[in-house]
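To convert a position in the sequence shown, counted from 1, into our numbering, add 8.
The beta-carbon is built from N, C-alpha and C at its ideal position, and this holds for glycine as well.
Heads up: the structure comes next, in structure tokens.
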Amino acid sequence: MLKHVSPDVLRTDKGSDAAVISELERTGTPPDAITEQRLPDSIPARRRRIPKELGQIVLVLQGGGALGAYQVGAYQALHEAGVEPDWVIGTSIGAINASLIAGNTPEDRMERLQEFWRRMQHSPWVEFLGAWPLVGPLATNLSTIAQGIPAFFRPNLSAFLGLQVPLGSEAAGYYDTSPLARTLCDLVDFDRINGRETRLTVGAANVRTSEMRYFDSRDMDLDLRHVMASGALPPAFPAVRIDGDLYWDGGILSNTPVEAVFDDNPRKNSVIFAVHIWNPQGPEPDTIWQVMSRQKDIQYCSRAVSHIARQKQIHRLRHVIAELVRRLPEREQRTEAVRELAAYGCVTRMHVVRLLAPPFEGDDHTKDIDFSPRGIRRRWEAGYADTSRVLELAPWSSDFDPVEGFILHEARPGMMMTAG
């Protein structure tokens, strides 16, 4: 059984990134150890279980390419604390991470997540190029665009022949994602997902109707197509056909699929870890490069703050309805008209823990394709550290207004938790 997986597995046995680069410069070949991952010792995790009376544990994961490494760190902290999700919801890379969690036993999940992200890494040669000042990041990004990621996507050469060249509706993308399909087949057990021990929901956008569709293992059997559809971001990746309809990445409609929890029927008491990897706040840009970065943050944070505020308001109204019905005379409560109105009420309590990935120095509009070991590692470590601190604070253990059915616990600078 794998007891701990650290983001340091992305390092080599020969030490730091500098050691790898030094070896490349000295010999012109990467050290053999670059392909041999190891599991370092770790400090034993403090186990902070969440009381069962608070309800189901839900993990909600945004889309965002390489930024999804933060989500793995967040899950690792939960895993080490003995907090396994009952329900995982994801879009795009969030759907991929979610399938790796739901599609494996708790004992195997970290090992499979580690292996997936190891396969996503740039080659040592690309990492070597990326270490050079000024030109390094540009060279790394150009390599990703030109060559793809071997276990993820590769260029679709036909797409570069011209914008009007017919490719077929299921091949119309600049890249071929069949390598990702093979990777997921290696690492995800869809029979386990359809055994429904851990519920999985993935979001995708219907190409024809522009409607969001959540594919839910509670209601149907899921397979590779559903996860691939959730990550089919146009125009890079081609659409995926499911039951006659084409689907694209759900992130183009809603990249923060927390609404799936509140629209669920029947609702349940829940502790929801909403892991956000795009920052809704940022400085005013004054260069085109900065404009491109800020535009992407705004687009893919997907109005997360306003979505949560709206859900909070709606859920409070549900509680108000339930409280008003409770205060009516019992004879009135039994009338058909009141029973019909009471159905709009709800007494479930939702604790929403919002985890927000921090910005890093050097981040720009290409950060979501930064699959360098260093980039993956620092986001993984941040997710692990942030979630570990939240588990120590256990903000859901305080007393709250009984009419308040939606309690938002949001990390502020310094990791102070605010409830609202």
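- Query: Is it the case that the Cβ atoms of H359 and I280 are separated by a distance below 8 Å?
  - Reply: By one-based count along the sequence shown, residue 359 stands at place 351. By one-based count along the sequence shown, residue 280 stands at place 272. Their beta carbons are under 8 Å apart, which means H359 touches I280 by this criterion.
- Message: On the CB-based measure, 16 or more other CB atoms within 10 Å of its CB, does E123 come out buried or exposed?
- Response: Reading the sequence shown from its first residue, position 115 is the one you call residue 123. E123 is buried by the Cβ-count criterion.
- Query: Can at least three beta-carbon pairs, one atom from the segment 160 to 180 and one from the segment 195 to 202, be found at a separation below 8 Å?
  - Reply: no
- Query: For the beta strand (DSSP E) that T434 lies in, which residues bound it at each end?
  - Reply: Absent from the structure is residue 434, since the part of the chain shown begins at 9 and ends at 428.
- Query: Relative to the C-alpha of V96, which residue among I153, D224, S151 and D116 is closest?
  - Reply: Residue mapping note: residue 96 aligns to position 88 of the sequence shown, counting from 1. Checking every option, the nearest Cα to that of V96 belongs to D224.
- At which residues does the alpha helix (DSSP H) containing V313 begin and terminate? Along the sequence shown, read from residue 1 onward, the residue named residue 313 stands at position 305. Where V313 is concerned, the enclosing alpha helix (DSSP H) stretches over A312 to R335.
- Pairwise C-alpha distance: T356 and F168: Taking the first residue of the sequence shown as 1, we reach residue 168 at position 160. Taking the first residue of the sequence shown as 1, we reach residue 356 at position 348. Distance between the alpha carbons of F168 and T356: 52 Å.
- Query: Mind checking whether A77 and R397 have CB atoms under 8 Å apart?
  - Reply: As a working mapping, residue 77 is identified with position 69 in the sequence shown. As a working mapping, residue 397 is identified with position 389 in the sequence shown. Their beta carbons are not under 8 Å apart, which means A77 does not touch R397 by this criterion.
- Message: Quick check on the burial criterion: 16 or more other C-beta atoms within 10 angstroms. Buried or exposed for P48?
- Response: Residue mapping note: residue 48 aligns to position 40 of the sequence shown, counting from 1. Summary for P48: the model assigns pLDDT 32, below 50, so the residue's position carries little reliability, and this model does not support an answer.
- Query: How many Å lie between L108 and Y222 at the Cα?
  - Reply: In the sequence shown, counting from the first residue as 1, residue 108 sits at position 100. In the sequence shown, counting from the first residue as 1, residue 222 sits at position 214. Going from the Cα of L108 to the Cα of Y222 covers about 18 Å.
- Query: Does the beta-carbon of L146 have 16 or more other beta-carbons within 10 angstroms, so that it is buried, or is it exposed?
  - Reply: To locate residue 146, count along the sequence shown from 1; it is residue 138. L146 is exposed by the Cβ-count criterion.
- Query: So G176 is in the alpha helix (DSSP H); what residue range does that whole segment cover?
  - Reply: For the purposes of this step, residue 176 is taken as residue 168 along the sequence shown, with counting starting at 1. Premise fails: G176 is in no alpha helix (DSSP H) and is neither H nor E.
- Through-space distance from R342 to V91, alpha-carbon basis: Residue 91 sits at position 83 when you count from the first residue of the sequence shown. Residue 342 sits at position 334 when you count from the first residue of the sequence shown. If I take the Cα positions, the gap works out to 41 Å.
- Item | Of the listed residues A282, F270, A154 and W297, nearest to T99 (C-alpha basis) | To locate residue 99, count along the sequence shown from 1; it is residue 91. Nearest of A282, F270, A154 and W297 to T99, Cα basis: A282.
- In angstroms with no decimal places, state the Cα-to-Cα distance between R55 and F161. As a working mapping, residue 55 is identified with position 47 in the sequence shown. As a working mapping, residue 161 is identified with position 153 in the sequence shown. The predicted position of R55 is uncertain, since its pLDDT is 47 and thus under 50; a value taken from the coordinates is nonetheless stated next. Going from the Cα of R55 to the Cα of F161 covers about 38 Å.
- Message: Assuming contact is defined by CB atoms lying nearer than 8 Å, are F379 and T152 in contact in what I supplied?
- Response: Against the sequence shown, residue 379 aligns to sequence position 371. Against the sequence shown, residue 152 aligns to sequence position 144. Contact flag set, yes.
- Message: So, at 6 Å on beta carbons, what are the nonlocal neighbours of T37 in its own chain, with the 5 sequence-adjacent residues on each side left out?
- Response: For the purposes of this step, residue 37 is taken as the residue at position 29 of the sequence shown. Here T37 scores only 39 on pLDDT, less than 50, and its place in the model should not be relied on; the value that follows carries that caveat. Hits under 6 Å: none found.
- Item | Y83 - DSSP class collapsed to helix/strand/coil | The residue given as residue 83 occupies position 75 in the sequence shown. Looking at Y83 - three-state DSSP - the assignment turns out to be helix.
- For H373, does the three-state DSSP call read helix, strand or coil? For the purposes of this step, residue 373 is taken as residue 365 along the sequence shown, with counting starting at 1. Three-state result, H373: coil.
- Query: So, using beta-carbon positions, are G391 and G81 closer together than 8 Å?
  - Reply: If you number the sequence shown from 1, residue 391 lands on position 383. If you number the sequence shown from 1, residue 81 lands on position 73. Yes. Within cutoff.
- Query: Ends of the alpha helix (DSSP H) at V361?
  - Reply: As a first step, residue 361 must be located in the sequence shown, where it is residue number 353. First-last for V361: M358 to L364, but that is the beta strand (DSSP E), not the alpha helix (DSSP H).
- Would you check if the distance between the CB atom of A365 and the CB atom of I285 is smaller than 8 Å? Looking up residue 365 in the sequence shown gives position 357. Looking up residue 285 in the sequence shown gives position 277. In this structure, I285 lies closer than 8 Å to A365 by Cβ.
- Query: Enumerated in chain order, which unbroken segments of the beta strand (DSSP E) with a length of 3 residues or greater are wholly contained in the segment 235 to 289?
  - Reply: 248 to 250, 253 to 257 and 278 to 284
- How many angstroms separate the CA atom of T113 from the CA atom of S301? Within the sequence shown, residue 113 is the residue found at index 105, counting from 1. Within the sequence shown, residue 301 is the residue found at index 293, counting from 1. Their backbone Cα atoms lie some 38 Å apart in a straight line.
- Message: Could you tell me the alpha carbon to alpha carbon distance between R249 and T191, rounded to whole angstroms?
- Response: Sequence index remark: in the sequence shown, residue 249 carries index 241 (1-based). Sequence index remark: in the sequence shown, residue 191 carries index 183 (1-based). Those two C-alpha atoms are separated by around 19 Å.
- Helix, strand or coil: which one does DSSP assign to Y8? Nothing can be reported for residue 8, as the shown portion of the chain is limited to 9 through 428.
- Message: Looking at the secondary structure, which residues open and close the beta strand (DSSP E) in which L67 lies?
- Response: Your numbering for residue 67 matches position 59 in the sequence shown. Element bounds for L67: Q64 to L69.
- Is the Cβ-Cβ distance between L62 and N277 less than 8 Å? As a working note, residue 62 is residue 54 in the sequence shown. As a working note, residue 277 is residue 269 in the sequence shown. Yes. Within cutoff.
- Message: Can you look up V96 in the DSSP assignment and give me helix, strand or coil?
- Response: Taking the sequence shown and counting its residues from 1, the one referred to as residue 96 is at position 88. The answer is strand: DSSP assigns V96 an E or B state.
- Presumed contact (8 Å Cβ cut-off) between A74 and I384, rounded CB distance: Numbered from its first residue, the sequence shown carries residue 74 at position 66. Numbered from its first residue, the sequence shown carries residue 384 at position 376. Yes, they are in contact, since the Cβ atoms of A74 and I384 sit about 7 Å apart, within 8 Å.
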